[in-house]
Amino acid sequence: MFEHAMLAKMTPMHNLSVTINQFAHDLIRHLDDVVHSHRQSMRRCVKGLTAMTKELVYSGKTKDVFALENGNYLLKFKDDCTGKDGVFDPGENAVGLTIEGVGDVNLRMSIYFFEKINAAGIKTHYVSANLDDTTMEVLPAKVFGEGLEVICRNKAVGSFYRRYKQYCNEGDDLPSYVETTFKNDELGDPLVTKDGLVDLGVMTAEQYDSLKEMTKQITKIVADDLAEKGLVLYDIKFEFGYDADGNVILIDEIASGNMRVYKDGEYVDPMTLSELFFA
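All the letters of the sequence shown, read from the start, carry residue numbers 20 to 298 under the working numbering.
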């Protein structure tokens, strides 16, 4: 009886001790998590600061380019978009508007497709990315000439339709039509043919054939994934370069801001496209 009485008296104190010990244990774990999170944040800040203090190599329409000590480059995505009169248009040459957060969604889309394209065995310049500071690390590559854009068209829209509307209706299907343009704002990014590129010494015939085949393969990957979300890819714009061995590689980005996508016959803007795709 005495032992039971003593046990009954000790139980509340014992429970209190257990509660205090559990609280202390939970507090320590919480503090550890806070410290770990703080360290991770500091690492990201230091990494971003280190990259951003590098010499600016180039400031583009939608990205800034920085050199890294390891020989690679860092792309810093902006919230600027190509367009005209405040309306987004991937086919325009000049920055026409700024959309808050579009740099983030363009990087997220680029990460998704670069990783998928790399896994398919198609050469790209993608190394890694950091969504926290909106940057992407890439391999060094040389551009063709002073820069070349490659457009793959599945539908007759945009500048294609404006040029050839006497031969087609707007929205007509196209068999993954590939066209190349020189990057030159003053001249309006003039079209150039395979023969023109080869005769001007911009690339070899073999490089052009590789570029064209890669363009169709990548476009199919993008279009198929969009189709799974009920989205239709009308056209998409890429940039290609070549590595030290002369191999053609996909460079720049694969972003919602570089593609024209429709859903149920209605155009989908870059921000909405990202929301629908990653839903």
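Cβ coordinates follow ideal geometry from the N, Cα and C atoms, glycine included.
Spatial neighbours of residue i in its chain, beta-carbon cut-off 7 Å, leaving aside the 5 residues before and after
i: residue 179; result: 172
i: residue 222; result: 163, 216
i: residue 193; result: 172, 173, 174, 175
i: residue 75; result: 83, 85
i: residue 234; result: 169, 171, 197, 257
i: residue 161; result: 260, 261
i: residue 227; result: 213, 216, 217
Local conformation of residue i per DSSP, three classes
i: residue 299; result: Missing from the structure shown is residue 299; the chain here goes from 20 to 298 and no further.
i: residue 272; result: coil
i: residue 295; result: helix
i: residue 86; result: strand
i: residue 134; result: helix
i: residue 246; result: helix
i: residue 300; result: Because the chain is modelled from 20 through 298, residue 300 falls outside the range shown and cannot be assessed.
i: residue 126; result: helix
i: residue 117; result: strand
i: residue 277; result: helix
i: residue 65; result: Any reading at residue 65 is ruled out, since the residue's pLDDT is 42, under 50, leaving its predicted position unreliable.
Contacting residues, own chain, Cβ-Cβ under 6 Å from residue i (five flanking each side not counted)
i: residue 230; result: 259, 267
i: residue 187; result: 175
i: residue 224; result: 217
i: residue 271; result: 258
i: residue 130; result: 148
i: residue 144; result: 157, 158, 160, 268, 270
Extent of the continuous beta strand (DSSP E) to which residue i belongs
i: residue 265; result: Here residue 265 belongs to no beta strand (DSSP E), and DSSP marks it neither H nor E.
i: residue 260; result: 251–261
i: residue 285; result: 285–287
i: residue 97; result: First-last for residue 97: undefined, no H or E at that position.
i: residue 153; result: Where residue 153 is concerned, there is no enclosing beta strand (DSSP E), given that its DSSP letter is neither H nor E.
Residues of its chain near residue i, where Cβ-Cβ distance is below 8 Å and the 5 sequence neighbours each way are ignored
i: residue 241; result: 132, 252, 255, 273, 278
i: residue 238; result: 171, 173, 195, 252, 255
i: residue 191; result: 174, 175
i: residue 289; result: 100, 107, 118, 121, 124, 125, 274, 275, 276
i: residue 250; result: 280, 281, 282, 287, 292, 295, 296
Proximity test, residue i beta-carbon vs the ligand GTP heavy atom, cut-off 7 Å
i: residue 275; result: For the ligand GTP, the structure offers nothing, since it holds no ligand at all.
Review point. Where in the region 161–234 do unbroken runs of the beta strand (DSSP E), each at least 3 residues long, occur, reported from the N-terminal end onward?
Key: 167–174, 192–201
Review point. Counting Cβ pairs closer than 8 Å, one from the region 117–129 and one from the region 282–297, do we hit at least three?
Key: Yes, they touch.
Exercise for review: Please determine if the region 77–94 and the region 138–156 are in contact, where contact requires at least 3 C-beta pairs separated by less than 8 Å.
Suggested key: yes
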